[in-house]
Amino acid sequence: MKKIVMGISLLATSLIAQGRLTAIGGANYSTIEYNNTAYDEAIMVDSRLGFFLGVESKPNPIVLGAAYAQYGADFSYTENTETIIGYDIYNYLVGYALYPFFHLSKFSAFGGIQAGLSLGGNTKGNVSDSRFSGHINADKFAFDYGAIAGVDMAISPTFGIRGFYYYGLADVMT
Numbered sequence: 045m046k047k048i049v050m051g052i053s054l055l056a057t058s059l060i061a062q063g064r065l066t067a068i069g070g071a072n073y074s075t076i077e078y079n080n081t082a083y084d085e086a087i088m089v090d091s092r093l094g095f096f097l098g099v100e101s102k103p104n105p106i107v108l109g110a111a112y113a114q115y116g117a118d119f120s121y122t123e124n125t126e127t128i129i130g131y132d133i134y135n136y137l138v139g140y141a142l143y144p145f146f147h148l149s150k151f152s153a154f155g156g157i158q159a160g161l162s163l164g165g166n167t168k169g170n171v172s173d174s175r176f177s178g179h180i181n182a183d184k185f186a187f188d189y190g191a192i193a194g195v196d197m198a199i200s201p202t203f204g205i206r207g208f209y210y211y212g213l214a215d216v217m218t
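So, in structure tokens, the structure goes:
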């Protein structure tokens with residue numbers, strides 16, 4: 045299983061301690077992609093809204109950051125005569141490095157890498173008339189890593205918007 049994440053974040057500059065850090069937060073839509081064709085054909089997977097909160101530093105020209113990120117996916121599938129509908133939420137501690145390769149006035153485009161450590165998650169859903177919920181243990185997920193690309197738009201010297209696409213390269217289910 046791999047994660048695909050598209051997100052929009054709000055960037056607000058603040059002074060933390062003696063160094064200049066940027067507080068980040070925003071929403072993302074994520075989904076999962078199975079490496080098993082049988083799963084891909086049997087399970088309908090849709091994007092799910094999540095969020096992330098973190099900080100980043102900009103030692104020129106690279107941007108380094110760390111964040112708490114919540115990813116997930118909505119799912120549905122039919123097993124025998126019962127339809128199962130629900131969602132999974134995956135919590136991660138992520139670190140990333142971005143390199144701006146194009147800059148024009150208030151816009152910049154970037155590429156980079158991201159890595160994440162699972163903090164576990166939750167699953168909830170319905171089977172016929174019954175509801176289920178459960179905790180997803182962090183040890184069920186491997187270390188995650190992938191490529192990230194996107195654009196930043198400065199609204200003011202201390203506020204901006206970022207749109208990005210993250211493609212997970214790791215098979216995160218163990």
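Under the working numbering, read the sequence shown as residues 45 to 218, first letter to last. Cβ atoms here follow ideal geometry from the backbone N, Cα and C, with glycine treated the same way. As the structure is a prediction and not an experimental result, all values here were calculated from the model.
Handout entry: Pairwise C-alpha distance: Ala198 and Phe151
Key = Rounded to whole angstroms, Phe151 to Ala198 spans 7 angstroms at the Cα level.
Exercise for the section: Tell me whether the beta-carbon of Gly155 lies closer than 9 angstroms to the beta-carbon of Ala110. Expected result: With contacts defined by Cβ atoms closer than 9 angstroms, Gly155 and Ala110 do not form a contacting pair.
Practice task
Can you tell me which of Tyr136, Phe96, Thr75, Thr66 puts its alpha carbon nearest to the alpha carbon of Val89?
Solution key: Measuring from the Cα of Val89, the nearest candidate turns out to be Thr75.
Practice task
Starting from the C-beta of Ser101, find all residues in its chain whose C-beta is less than 6 angstroms away, skip the five residues before and the five after it, and write them out in chain order.
Solution key: Excluding residues within five positions, the ones whose Cβ falls inside 6 angstroms are Leu65, Leu108.
Practice task
Inspect the beta-carbon positions of Ala67 and Gly94 and report whether they are closer than 9 angstroms.
Solution key: No.
Exercise for the section: Under 7 angstroms Cβ to Cβ from Leu161, same chain only, skipping five residues before and after it: list those, please. Expected result: Excluding sequence positions up to five before and after Leu161, its CB lies within less than 7 angstroms of the CB of Tyr136, Leu137, Phe187, all in the same chain and listed in chain order.
Practice task
Starting from the C-beta of Val171, find all residues in its chain whose C-beta is less than 6 angstroms away, skip the five residues before and the five after it, and write them out in chain order.
Solution key: Contacts found: Glu126, Ile128.
Handout entry: Chain-order list of residues whose beta-carbon lies under 8 angstroms from that of Tyr131 (same chain, five-residue window excluded)
Key = For Tyr131, the CB contacts under 8 angstroms within the same chain, skipping 5 residues up- and downstream, are Arg92, Gly116, Ala117, Asp118, Phe119, Thr167, Lys168, Gly169 in chain order.
Problem - Cβ shell of Gly164 (< 7 angstroms), same chain only, five flanking positions each side left out - result: So the qualifying residues of the chain are Asn135, His179, Ile180, Asn181, Ala182.
Practice task
Check the DSSP bridge columns for Val107 and list the partner residues they point to.
Solution key: The bridge partners DSSP lists for Val107 are Leu142.
Handout entry: Distance, Gly139 Cα to Val216 Cα
Key = Taking the CA atoms as reference points, Val216 sits about 16 angstroms from Gly139.
Exercise for the section: Find out if the Cβ-Cβ distance for the pair Ala159, Tyr189 is shorter than 9 angstroms. Expected result: Yes, they are a contact pair.
Practice task
May I ask you to list the residues that DSSP assigns as paired with Ile180?
Solution key: According to DSSP, Ile180 bridges with Gly165.
Problem - Residues near Ile60 by beta carbon distance below 6 angstroms, same chain, minus five either side - result: Residue confidence is low: Ile60 scores 42 on pLDDT, short of 50, so the model does not pin down where it sits. Its coordinate-derived value is still stated next. Within the same chain, Ile60 has no close Cβ partners at all.
Problem - C-alpha distance - Phe146 paired with Asp173, whole-angstrom precision - result: Each residue's alpha carbon lies about 53 angstroms from the other.
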